[in-house]
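Accompanying notes for the structure given below.
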Amino acid sequence: MSEESEQATEGLTPQEASERADAGAQLVDVRSEHEWEAGHIGGATHIVYDELSERAQEIDRDRPVILYCRGGNRSSAGAAALRSAGYDAVNVAGGISAWAEEGLPLEPEDGYVAESGEAAAILEARRREGAGHG
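In the numbering used here, the protein residues as written are 461 to 594.
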């Protein structure tokens, strides 16, 4: 029993999350816009963490939900909130960083795990602008 409750707080491994998504679980990316654009898990829905409570109705209550963020903090809190609202929700331990480290695919094909935070968003925008002018 303690192992089961521990897994609920620790989250799924990237491989477990991939297998559950293949079996029909919903993937929800709770990262910011620039993080999503840099790279995300195919088939995921993008709902920024701060909008999760107001957009929860977009998530199917009848299917398991797997949330992920960059490292697991935002998605762990989001999964706990959804569970308290009656959803079957877990998160990916280690987030998309762990997913990518496992060699699991990202979209777009050249996608990568972006840094989180406002400063990172500004740097990311500058990087994209520079790439467009070269």
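Backbone N, C-alpha and C fix where the C-beta goes; we use that ideal spot for every residue, glycine too. The structure displayed is predicted, hence computed values, not measured ones.
DSSP beta-bridge partners of residue i
i	result
Thr473	Looking at the DSSP assignment, Thr473 forms no beta bridge with any residue, so it has no partner.
Val490	None, per the DSSP bridge assignment.
Val552	Leu472
Supposed close pair residue i, residue j - CB separation, criterion 8 Å
i	j	result
His494	Ala579	His494 to Ala579, Cβ: 11 Å. No contact.
Ala477	Asp489	Not a contact, Cβ separation roughly 12 Å.
Residue i - DSSP class collapsed to helix/strand/coil
i	result
Ala574	coil
Tyr547	coil
Ser462	With a pLDDT of 33 at Ser462, under the threshold of 50, the modelled position of this residue cannot be trusted; read the value that follows with caution. In this structure, Ser462 counts as helix in the three-state DSSP scheme.
Ile526	strand
Per-residue burial, residue i [other beta carbons within 10 Å of its own, 16 or more giving buried]
i	result
Tyr572	exposed
Glu575	exposed
Glu464	Its pLDDT being 38, under 50, Glu464 is placed unreliably by the model, and nothing is read from it.
Ala545	exposed
Pro474	buried
Ala585	exposed
Gly436	This structure cannot speak to residue 436, because the chain is shown only from 461 to 594.
Ala483	exposed
Delimiting residues of the alpha helix (DSSP H) encompassing residue i
i	result
Leu566	First-last for Leu566: undefined, no H or E at that position.
His494	493–498
Glu514	512–515
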